[in-house]
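Quick notes on the structure that follows.
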Amino acid sequence: MAAKTLTIDGKQISAEENETVLQAATEAGIKIPTLCHLEGVYDVGACRLCIVEIAGTPKLLPACTTKVAEGMEVKTDSERLRKYRRMILELLFAERNHVCAVCVSNGHCELQALAYSLGMEHVRYDYTFPKWSVDTTHRLFGMDHNRCVLCTRCVRVCWHIEGAGTKNVSGRGAKSKIITDLNQSWGTSDSCTECGKCVMACPTGALFQKGSTVGEMERDRDKLEFIVTAREKKQWIAD
Amino acid sequence: MATVWLGGCAGCHMSFLDLDEFLIELADAVDLVYSPVVDVKDYPENVDLCLIEGAVCNEDNLEILHKIRARTKVLVSFGDCAVTGNVPAMRNQLGIDNAENVLQRAYIENAQNNPAVPKADGIVPQLLENVRPVHEMVYVEYFLPGCPPPAARIKSLVAQLLAGAVPKQEGEQLKFG
Amino acid sequence: MIYHDLIAIKEKELAARKKIVLRCCLAAGCMSSDAKGVKEQLAKAVAEAGLQDQVEVRGVGCMKLCCEGPLVAADPQNALYVKVTAANAPSIVAALNGGQANAAQTNPDAAFFKKQFSIVLANSGVVDPERIEGYIAADGYQALHEVLHEMTPKDVVEAMVKSGLRGRGGAGFPTGLKWGTVAKSPSAKKYVICNADEGDPGAFMDRSVLESDPHSVLEGMAIAAYAVGADQGFIYCRAEYPLAIARLNLAIKQAKTLGLLGAGIFESPFNFNIDIRIGAGAFVCGEETALMASVEGKRGTPRPRPPFPAESGLFGCPTLLNNVETFANVPAIYRKGAEWFAGIGTEKSKGTKVFALAGKIKNTGLIEVPMGTPLRTIVEEMGGGAPDGGTIKAVQTGGPSGGCIPSQHLDTPVDYESLGKLGSIMGSGGMIVMDQTTNMVEIARFFMEFCMDESCGKCIPCRAGTVQMHHILDKIANRQATARDLAKLEELCDMVRNTSLCGLGQTAPNPTMSTLRFFRNEYEALLQPDPFGPHSNGAAKQPELATK
């Protein structure tokens, strides 16, 4: 496999062909904010937080789906990128009902952490306060659509790691919703194997283990990566 | 300096009182001209700094907020309710009749004695149709998130303001919840 | 089928031509006003008058002046009857014998018709779209024959490059370059897709082409497939176009029967099949990657590019995607030559463009004009200007992805670059004319609502950004917004345009940005004072605090 040499934030690095800019940056110790990205499943480039500037390209490109190229010059941080990323987060917070103070994921939430690390001290857009339901019909897990950011991490782990295909997306635009099977309550699902990978994958408090209260919902995402590495590379490496 | 308590649980003011010995420093630097802990009825003119706790829930909140904006140089949204609406704003999700519904729930369905929605014109303010964060109603200069914001965070912001600096808060100092 | 057979069909068809032809429009617009009944009555009147041997009553595609439908034309009398009804249709037949027609007529030599230059619409309103013989009589499928027997795929691509044709779907990507890229992608399996998911409000060019001349699209696709090395084509058509789908199905069946589609076309080694895929009418499925996902049977959402479809498209194979009008241009380019085509239009925009003229304008309908025609010629001379003595305020092109061009720029030539400079786009051909009564903030709000409803919801800037932009436009229109809101709107426009995943989101701010550019005063007139804004009237810097 041929190696590619590129520059990320002024730092010369080499990366394997077919690696993404995000992988190359991570290996070089450069942190790019992500939300829909999850180690172990393929990327969809949906959240747009990992957008980077690439010299010679007028468009901003998501680091998670852009492949490295020889001589590529990448900027992962600029005034403009910071501004856009912050705005994306503001839009997310205004879109549904993210009430950190009473959320099961308070303190362990990727959305919350992104907000403070990117300097979002308030949301300038009017909150929409939509009415979303909470599905607690499953024996072990619950789904609170108020906290959902539609990153589809749960959908991807369900289809591509577990292979159950229980989770999916229905509707479009702001009315998009993560559904179970044929848009039915989770407890009535025939396909759900109760593996809990979706709960492990969720970046916010949308998917949770029943019985957890404020701040108690912690997730072990390494398990997902472990399963995928074991399956694809036949390497059983646990930290 | 002033502090005000709109639709919130007073937790932010409790955290303010947690400033401990900084309160003494603060008392040397400022006059506290209006606050839940000060016995002043009317919000005075020419206030330099006001920390606002709580979301805008009722007509009374809105009225004093307008007065505060007109009479204050620098407003700080103090805590998650002021910054985001937080728990008080959860009633907004219930839709158009949310105010009516929460009153029913609180004063009729859950009442053990004398179920009745309190109503006294001029004394009990009417709930607004929706609860809004402070900055959606008036311009706010600075934000102090947290439920409640820890005392250290309050101290950092107030100290910077007193020093005449544009306050800088970073990382976990900005954490909601 | 060999060349001789094709010519035999053409000659037989021409020999059977009757002296007089009554062409009756049977496209969707006229059909909605009982054109079918008109045609039946015409045929009945011809039979009753015993004129069957002299008069042919032919159902044809769109005759362009849609606002006056149903339309009936009489050849060679050069008469064009408008708003014909089943009741007065027989009088048109009577008029052929010197009687008096009591159906209204319009001048077929008026500017609306005379200024048109037909390539794509050459057969529209002339041939019967339901009979392949009619298309063959108009020299149809001759280009395909020539391409298969006289040219290598490389020649075909080169000729396309030389013609200068650019994609008619909106963005104007050079068609020859696209064909060349797909042709060069190494793969045993490749696809050709025709994008017939026309979704812009007010646009009906592609629908009319499919209803009026489906074979030109099929022939264009077959030539493209030969050029790039594909053996399977798909036409992705929205379910809202049932007549177009029916005529396409019929056309495919006829072409297969004659061996013009299928295995060994014109007894060459070239095989090509076309299937139709019906979309459920989501606007985003007009975006190429979403369209391909939908053809594959998946949720119609776009994915990041690269990889471009030319490298990895449908089912991971190299795929050529062009829209209806682009394919409809193809047969003429090979029949008449790339040089001929390149001689039409402007330096960078070759050929013609079809527009669906709608809105506050006298003559609503379809027009095809050479690239570079000034907007003024289109809306004032051909369109007849605003109705009821109104004045034209702006012309909107490009639908929800385009912009409003104010009347002071009406002398702008219609080509990709000139429209782009004015903050609009050529788009697929929707052209909505606005008069002095049009509120531009409302226009921006309308298009933003459209984009908000049609956002697929995959990426955050488009999904949530359109909601917030629409909310602010709503506040402005309802006189509840301040200058601070307007600033937020502009900031959001910039952000959504630069960070969205696909073209829908990237262009969703365009109508707002273009109305802000040319009609900012209309926004500002609606803004409210900001009594609770920043202390001391908007001073952004921190006010000095008094210290004790």
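Residue numbers (the working numbering), protein chains in the order written: chain A, 6 to 244; chain L, 53 to 229; chain F, 38 to 585. We put the beta carbon where it would ideally sit given N, CA and C, even for glycine. These figures come from a predicted structure and were not determined experimentally.
| query | result |
| --- | --- |
| Residue-chain proximity (Phe134(A), chain B), Cβ-Cβ < 7 Å | Looking at the structure shown, chain B is missing, and the protein chains on hand are A, L and F. |
| Rounded straight-line distance, which links the Cα of His42(A) to that of Asn165(L) | 54 Å |
| Contacts of Glu105(A) in chain L (Cβ-Cβ under 9 Å) | Looking at the sequence provided, one finds Cys at residue 105(A) rather than Glu. Residues of chain L passing the Cβ test: Asp132, Thr136, Asn138, Pro197, Cys199, Lys227, Phe228, Gly229. |
| Rounded straight-line distance, which links the Cα of Lys72(A) to that of Asp48(A) | 12 Å |
| Interface flag, Arg226(A) vs chain L, CB-CB below 7 Å | no |
| Three or more C-beta pairs below 8 Å linking the segment 121 to 139 of chain L and the segment 187 to 197 of chain L | yes |
| Same chain, Cβ closer than 8 Å to Glu183(F), five either side skipped, listed in chain order | Tyr371, Arg372 |
| Sheet register partners of Cys274(F) (DSSP bridge) | Ala233(F), Ile315(F) |
| Under the three-state DSSP convention, the category Tyr194(L) falls into | strand |
| Whether His252(F) touches Gly299(F) by CB criterion (7 Å) | no |
| Proximity test, Cβ basis, 7 Å: Asn574(F) and chain L | Only weak support is given to the placement of Asn574(F): the predicted model assigns it a pLDDT of 45, under 50, and the question is left unresolved by the model. |
| As assigned by DSSP and simplified to three states, the class of Cys55(A) | coil |
| Separation of Asp146(F) from Gly136(F), as counted between CA atoms | 23 Å |
| Contact between the segment 190 to 208 of chain A and the segment 162 to 171 of chain A (3+ Cβ pairs under 8 Å) | yes |
| C-beta neighbour in chain L for His113(A), strict 7 Å | no |
| Straight-line gap, Pro113(F) to Ala174(F) (C-alpha atoms, nearest Å) | 18 Å |
| Spatial distance of Gly213(F) from Ala276(F) (CA atoms) | 30 Å |
| Spatial distance of Ala60(A) from Leu563(F) (CA atoms) | 41 Å |
| Nearest-angstrom beta carbon gap, Gly229(L) and Gly131(L) [assumed within contact, 8 Å] | Incorrect: roughly 11 Å between the Cβ atoms, too far for contact. |
| Proximity winner among Cys61(F), Ala82(F), Glu85(F), Lys76(F), relative to Leu102(F) (alpha-carbon distances) | Cys61(F) |
| Beta carbon proximity, Gln142(F) to chain A, threshold 7 Å | no |
| Residue-chain proximity (Phe569(F), chain A), Cβ-Cβ < 7 Å | no |
| Proximity test, Cβ basis, 7 Å: Gln565(F) and chain A | no |
| Secondary structure of Arg534(F), DSSP reduced to three states | helix |
| Segment contact, 8 Å Cβ cut-off, at least three pairs: the segment 119 to 132 of chain F with the segment 67 to 80 of chain F | yes |
| Residues that His118(L) contacts on chain F, provided the C-beta gap is smaller than 7 Å | Phe569 |
| Ala576(F) in three-state terms, based on DSSP | For Ala576(F), the pLDDT reaches just 43, beneath the cut-off of 50, and the residue's location in the model is therefore unreliable, leaving the point undetermined. |
| C-beta neighbour in chain L for Asn102(A), strict 7 Å | yes |
| Check whether Leu403(F) and Met468(F) have beta carbons under 7 Å apart | no |
| Distance between beta carbons of Glu105(L) and Ala134(L), contact taken as under 8 Å | 6 Å |
| Residue from Leu526(F), Ala196(F), Asp42(F), Tyr40(F) with nearest C-alpha to Thr503(F) | Leu526(F) |
| Selection of the segment 212 to 242 of chain A by Cβ proximity to chain F, strictly under 8 Å | none |
| 6 Å Cβ shell around Gly575(F) - same chain, five flanking residues per side excluded | Residue placement at Gly575(F) is poorly supported in this model, since its pLDDT is 43, which falls under 50; the coordinates are not used for a value here. |
| Whole-angstrom distance between Gly124(A) and Glu222(L), CA atom to CA atom | 6 Å |
| Proximity test, Cβ basis, 7 Å: Val230(L) and chain F | Residue 230(L) falls outside the range modelled here, since chain L spans only 53 to 229, and no answer is possible. |
| Among Gly270(F), Pro306(F), Phe364(F), Glu256(F), nearest to Met329(F) - alpha-carbon criterion | Gly270(F) |
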